[in-house]
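Engineer: Here my numbering is used: the first residue of the sequence shown is 125, the next is one more, and so on. Got a structure here, written out as structure tokens. Questions coming.
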Amino acid sequence: MNFKLTIITLCSLMVTGYAFAHHSFAPYDIRNPIEITGVTEDFVYRRPHPMLTFLDDENVEWEIEVPLRFWDQAGIAQDAIKPGDELIVLGWPARDGSPEMAMSGFELNGTYYNVHEEVGQRSGNEAADAIERGESVESVLERYSESE
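Next comes the structure, spelled out in structure tokens:
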């Protein structure tokens with residue numbers, strides 16, 4: 125009986141560890157948010173993470189992970205972003221320098237949508253919190269670039 129309980133406990137711990145690692149922001153530099161401007165190439169709304177393929181103003185193609193839970197909680201339509209849409213995307217870049225990021229928000233047609241407030245709160249990221257309070261993306265980035 126103890127052997128079965130030990131096996132069940134170990135399996136449960138392994139699954140928990142995988143779930144935690146899957147939702148980790150370790151690949152992203154959450155202390156240094158960036159803003160990119162460009163055009164949507166593709167947006168696929170799917171579980172567990174929608175993906176945005178985005179061509180920035182310097183013709184770099186970005187793969188941007190979108191947080192589904194916050195997207196849904198914010199009440200943003202699944203088809204809100206369409207190919208050809210011009211966007212400003214704010215998020216956390218990949219630590220390895222690859223053109224990948226985790227989205228914290230985006231601006232479309234003059235409206236800013238916050239889609240990842242939890243990371244800002246958990247990480248102490250004041251930029252995400254300032255934008256949530258209604259501060260413009262430009263002013264937040266300007267303030268942080270001046271403080272460095």
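C-beta: ideal position from N, C-alpha, C; glycine also.
May I ask you to report which of helix, strand or coil DSSP gives Asp196?
Structural biologist: Within the sequence shown, the letter at position 72 stands for residue 196. Here Asp196 sits in helix by DSSP.
Engineer: Using beta-carbon positions only, say whether Pro151 and Arg219 come within less than 8 Å of one another.
Structural biologist: Against the sequence shown, residue 151 aligns to sequence position 27. Against the sequence shown, residue 219 aligns to sequence position 95. Cβ atoms of Pro151 and Arg219: closer than 8 Å.
Engineer: Less than 8 Å separating the beta-carbons of Asp181 and Thr161?
Structural biologist: Here residue 181 is taken as the residue at index 57 of the sequence shown, counted from 1. Here residue 161 is taken as the residue at index 37 of the sequence shown, counted from 1. Here Asp181 is near Thr161, since their CB atoms are less than 8 Å apart.
Engineer: DSSP state of Val184, grouped into three classes?
Structural biologist: In the sequence shown, residue 184 corresponds to position 60, counting from 1. Note: Val184 maps to coil in three-state DSSP.
Engineer: Just to check, is the beta-carbon of Ala198 closer than 7 Å to a non-hydrogen atom of the ligand HEM?
Structural biologist: The ligand HEM is not part of this structure, which contains no ligands at all.
Engineer: Kindly indicate which three-state DSSP category Val259 falls into: helix, strand or coil?
Structural biologist: On the sequence shown, residue 259 is found 135 positions in, with the first residue counted as 1. According to the sequence as given, residue 259 is Glu; it is not Val. In the structure shown, Glu259 adopts coil according to DSSP, grouped into three states.
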